[in-house]
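Peer 1: Before I ask anything, let me first share the structure, which is written out below as structure tokens.
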Amino acid sequence: MEAEFEARIARGDTIEPKDWMPERYRKQLIRMMSQHAHSEVVGMLPEGNWITRAPSLRRKLSLLAKVQDEAGHGLYIYCGTETLGTSREELIDQLLAGTAKYSSIFNYPTLTWADMGAIGWLVDGAAIVNQTMLAKASYGPYARAMIRICKEENFHKRQGYEIMATLSAGTPAQQEMAQDALNRWWWPSLMMFGPSDKDSPNSAELLRWKVKQKGNDELRQRFINLTVPQASAIGLTIPDPVMKQDEKTGDWIPGPIDWDEFHQVITGNGPCNKERLAARNQAHAEGAWVREAAAAYAAKHHQRTAA
Ligand code: ACO
């Protein structure tokens, strides 16, 4: 069975929920998809914080729509994870208890309106680079969820870049605000791609099973190469004084990433980890009546159909 599974992966077949799969493949997908789903949901918090302070109705509408989209992304991925035999409740309990991971990026504070621009441009931009590849992942429900998610992420990236472009073309104070946001979000955005391949315990297996199509470093490099010209097009400076372009490959080679900071953040000691978990726990408790009402309605509906 294992050999047939490996042969299917090698042929580029898509694995579906009822197909046989090694327990390790299932576990790896649950780990990665749960981390991803939680990231979408926790990712609503830093931007949700600015909905009431958006500078115009147009900005408010698009930010509201974007934050709502992230909830939808979380939902698709939780549903995808359920096809592997793990319930959404179980995953959410792990998130609320602080035992599950979610993306490091969402543990940084959003201090100014320009952060809404930087998040859309950089964070959603990084997510697109990573998730366009995952849309070809070997597990069908995950890959299919990524197709829709990437389409929406494109809109998110554009609204973020437009905010940055507008601020950069504005008053000196607005330009400074945009540059400050880039300065604070640049390095955490590079960390989103995960540790360097040589320090990534899961990459080799995920690449072999074609869940990942590319390693963390290659995707990070792709993101940097795309983003550097976008920054200069709107007059912003990447906050990396030693970054250089490789003449042969054209790659923009960044200075060293502070992996100590990354490890602090993913082990719960980032600037906002405690605040994010407290906010999720509060929202979950306050939403109890909605879950109860939905369950009562479903039971009534079920009873009626059965009768
Ligand atoms: N934030 C938090 N944890 C991270 C991050 C990060 N940026 N990068 C790596 N990690 C964790 C991994 O989850 C893993 O821990 P675990 O074994 O306890 O789960 C550990 O660090 C080692 O990393 P890797 O071996 O490289 O892990 P993996 O092969 O899963 O690669 C990656 C990490 C690239 C993030 C991968 O899981 C992935 O592509 N996930 C799907 C995309 C995703 O999660 N996106 C969230 C971004 S935000 C958004 O979508 C809105």
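Each position in the sequence shown, counted from 1, maps to that position plus 145 in our numbering.
Virtual Cβ for every residue (Gly too), placed ideally from N, Cα, C.
Quick caveat, the model's predicted, so the values are computed rather than measured.
Enumerate, from N- to C-terminal direction, the unbroken alpha helix (DSSP H) stretches of 4 or more residues contained entirely within the stretch 307–353.
Peer 2: 317–336, 348–353
Peer 1: Alpha carbon to alpha carbon, how far is K427 from S184?
Peer 2: Correcting the residue identity first, residue 427 is Gln in this sequence and not Lys. So the alpha carbons of these two residues sit roughly 17 Å apart.
Peer 1: Tell me the DSSP secondary structure of Q276 in three-state form.
Peer 2: Three-state result, Q276: helix.
Peer 1: Ends of the alpha helix (DSSP H) at N194?
Peer 2: Neither: N194 is in no alpha helix (DSSP H) and is coded neither H nor E.
Peer 1: Given the structure, does N426 come close to the ligand ACO, in the sense that its CB is under 7 Å from one of the ligand's heavy atoms?
Peer 2: no
Peer 1: Measure the C-alpha to C-alpha separation of R216 and V186 and round it to an integer number of angstroms.
Peer 2: The sequence shown places Ala at residue 216, rather than the Arg named in the question. Each residue's alpha carbon lies about 6 Å from the other.
Peer 1: Can you have a look at S201 and say buried or exposed, based on whether 16 or more other CB atoms are within 10 angstroms of its CB?
Peer 2: exposed
Peer 1: Examine the Cβ distances between the stretch 332–341 and the stretch 266–273 and report whether three or more of them are shorter than 8 Å.
Peer 2: They touch, by the three-pair rule.
Peer 1: Report the partner residues of W397 according to the DSSP bridge assignment.
Peer 2: In the DSSP assignment, W397 is bridged to Q390.
Peer 1: Can you give me the Cβ contacts of Q180 inside the same chain, cut-off strictly under 8 Å, excluding the 5 residues immediately before and after it?
Peer 2: If we look at Q180 and ignore the five residues flanking it on each side, its Cβ neighbours are A245, K246, Y247, S248.
Peer 1: Using alpha carbons as the reference points, say which of I175, W165, F300 lies closest to V212.
Peer 2: For the residues I175, W165, F300, the minimum Cα distance to V212 belongs to F300.
Peer 1: Less than 8 Å between the CB atoms is what I'm expecting for N252 and G415, so what's the real figure, rounded?
Peer 2: 3 Å
Peer 1: Whole angstroms is fine: what's the gap from W434's alpha carbon to E350's?
Peer 2: 42 Å
Peer 1: Considering only residues of the same chain and omitting the five flanking positions on each side of L240, which have a CB-CB separation below 6 Å?
Peer 2: H183
Peer 1: Contact check, I308 vs M278 under 8 Å by CB: the rounded distance?
Peer 2: Wrong, their Cβ atoms sit about 26 Å apart, outside the cutoff.
Peer 1: Would the beta-carbon of M291 fall within 8 Å of that of T226?
Peer 2: no
Peer 1: Rounded to whole angstroms, what's the CA-CA distance from W404 to R365? Just pull it up for me.
Peer 2: Between W404 and R365, the C-alpha separation is close to 14 Å.
Peer 1: Measure the C-alpha to C-alpha separation of Q390 and D158 and round it to an integer number of angstroms.
Peer 2: 38 Å
Peer 1: Please check the pair K355 and S283, which I expect to be a contact at CB under 8 Å, by giving their CB distance rounded to whole angstroms.
Peer 2: 4 Å
Peer 1: Among K357, I175, A148, whose alpha-carbon lies nearest the alpha-carbon of V274?
Peer 2: K357
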